[in-house]
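Notes follow once the structure below has been shown.
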């Protein structure tokens, strides 16, 4: 893969900072950071810097830095510029649409046009449009109270449009004027595709292809359809079709050719059965899903601490995927770890943006980051079992295992590493488990599922202490799980209400008492006195509220 330097000021979310861009054949569905258009992109430029996540259409990334003699402003040059936050909502001086990110700006007279109008200006007059029999004229703005649907796609027009002066109330979206009622599409050359409302055949024909054959999205308004082959395309894939031939050395040694018909097959890269279009190589009997073309060779994911590399044949059986925990076939492609020989991940699971941070590591030297703790810090679990460290000057206590937590760790909750932080006197609210805590932020978390047993745990239960001291008993209490087979009746020693023995509860092996988990740990068990939490924007001192909440702090003792 070649690093392509793009001299644009829009190549990063960091204002006016330029990053080099890489070209990838990988197909993704998202929003271009240049033109802000949302849809499927077949091949793109992307930023490989960590935490940037920018990507662009090929033509957007290759937009010129300067445009001279623009049709709408020929007297001065227009310079490519990134909009500042203070300029949010500024309309394009050509089409009237709001400029969302990037524009061409005249520094002399402050004339601005968005990226599309700068590189592909709309003509003021179209004499022979493909969508209509008469000449169309460009209309910059329409009165909001006079909204009319587009003659072609039937969706309402909220911005600039083209209008027919001969026909009354005939308008077209800017993007729709280049669409015709019937097209000869390169991805379906055997028959023409006709535009039609989605609802016209979906209700009447259960066998009709309701979703786009490429992006698999079901169009809500209109689509292009071949009734002979039952082949359907959405408007987006009609404008930006996938390439007929794709070449990516990471995917296959030979060019692969598009097979647009929907078939059921097992993708050689993903190792899963797919019912969609495909790319094939007849020489090698190789077939791959379009969404598996261009997958990176070397990446990091949030489930593993080492780099993982793509291999076309895993070669060893009995391996469970490190993400979904299902079996990984030895005969198909997968990602594996060179350091951990038994670790493997399905290709589609690894290249998912919920696990992968979008950075391709091929050609980038591996660096070992120091994530060991630089100082001893506190957690909020009870002290009393296991070795601890203490400060003789300020009575600061910490478990031995907490003192050695890494400063950064890959967790399943996001593609980027989590940083361990601790703020004395400040309570935090966990968005995952809903618990207020005065201890570590982004702490070490648990895996919450055992695929072999079908055993599941929420974060709250996974972080309950196995043993705890409580004021209601002189002996330590042990966390007990009766399970579905548990029988008999038990009553909580604190609230005197019957508890469900099939669920977790605390019990004393010496006295035989039983207690609800909530009655023992309380609502704010992760806070220590003098912490302040904010609930519904109202500060509440955990110390002052201690008397109003059952068993928050007082029951614990060291």
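Residue numbers (my numbering): 276 to 833.
Yeah, the Cβ is synthetic: ideal placement off N, Cα and C, and Gly gets one too.
The model shown is predicted, which means the values in this text are computed figures rather than measured ones.
Can you tell which of the options has the C-alpha that lies nearest to the C-alpha of residue i?
i, options, result
"residue 593", "586, 583, 599, 605", "605"
"residue 300", "521, 674, 770", "521"
"residue 452", "405, 493, 596, 462", "405"
"residue 538", "464, 554, 630", "554"
"residue 461", "492, 532, 585", "532"
"residue 779", "791, 785, 770", "791"
"residue 318", "567, 764, 673", "567"
"residue 534", "508, 565, 515, 298", "565"
"residue 519", "676, 435, 359, 464", "464"
"residue 624", "769, 483, 574", "574"
"residue 369", "356, 363, 362, 346", "346"
"residue 562", "364, 736, 549", "549"
"residue 552", "576, 507, 668", "507"
"residue 515", "399, 487, 743, 381", "487"
"residue 442", "430, 471, 431, 409", "409"
"residue 747", "398, 770, 456", "770"
"residue 524", "556, 663, 383, 614", "556"
"residue 390", "355, 383, 400", "355"
Does the distance from the C-beta atom of residue i to that of residue j stay below 8 Å?
i, j, result
"residue 309", "residue 331", "yes"
"residue 587", "residue 558", "no"
"residue 449", "residue 499", "no"
"residue 437", "residue 414", "yes"
"residue 296", "residue 322", "yes"
"residue 473", "residue 497", "yes"
"residue 590", "residue 618", "no"
"residue 750", "residue 785", "yes"
"residue 385", "residue 378", "no"
"residue 789", "residue 765", "yes"
"residue 426", "residue 445", "yes"
"residue 298", "residue 316", "no"
"residue 774", "residue 767", "yes"
"residue 434", "residue 372", "yes"
"residue 630", "residue 577", "yes"
"residue 569", "residue 526", "yes"
"residue 582", "residue 641", "yes"
"residue 338", "residue 358", "no"
DSSP on residue i, reduced to helix/strand/coil?
i, result
"residue 820", "Residue placement at residue 820 is poorly supported in this model, since its pLDDT is 34, which falls under 50; the coordinates still yield a value, given next. Looking at residue 820 - three-state DSSP - the assignment turns out to be helix."
"residue 510", "helix"
"residue 845", "With the chain covering 276 to 833 only, the question about residue 845 has no answer from this structure."
"residue 453", "helix"
"residue 310", "coil"
"residue 295", "coil"
"residue 391", "helix"
"residue 641", "coil"
"residue 565", "helix"
"residue 675", "helix"
"residue 717", "A caution first: residue 717 carries a pLDDT of 43, below 50, which makes its placement in the model too unreliable to give a value."
"residue 742", "strand"
"residue 334", "helix"
"residue 826", "In this predicted model, residue 826 has a pLDDT of only 28, less than 50, meaning its place in the structure is not dependable enough to derive any value."
"residue 596", "strand"
"residue 319", "strand"
"residue 328", "coil"
"residue 736", "helix"
"residue 492", "coil"
"residue 376", "coil"
"residue 619", "strand"
"residue 624", "helix"
"residue 559", "coil"
"residue 792", "helix"
What does DSSP give as the partner residue(s) for residue i in the beta ladder?
i, result
"residue 586", "609"
"residue 362", "Residue 362 is not bridged to any residue."
"residue 896", "The shown model of the chain, from 276 to 833, leaves out residue 896, and the question about it has no answer."
"residue 368", "Per DSSP, none; premise fails for residue 368."
"residue 550", "539"
"residue 521", "531"
"residue 784", "Note: residue 784 sits in no beta bridge, so no partner."
"residue 469", "457, 500"
"residue 342", "353"
"residue 396", "Residue 396 pairs with nothing; no bridge assigned."
"residue 748", "745"
"residue 756", "779"
"residue 302", "317"
"residue 439", "411"
"residue 603", "594"
"residue 383", "In the DSSP output, where bridge partners are listed per residue, residue 383 has none listed."
- Query: Are at least three pairs of beta-carbons, each pair with one atom in the stretch 602-619 and one in the stretch 540-547, less than 8 Å apart?
  - Reply: A contact between stretches requires three or more CB pairs, one per stretch, nearer than 8 Å, and the stretch 602-619 meets this requirement with the stretch 540-547.
- Tell me, please, whether the stretch 332-350 touches the stretch 390-410 by the rule of three or more beta-carbon pairs shorter than 8 Å. yes
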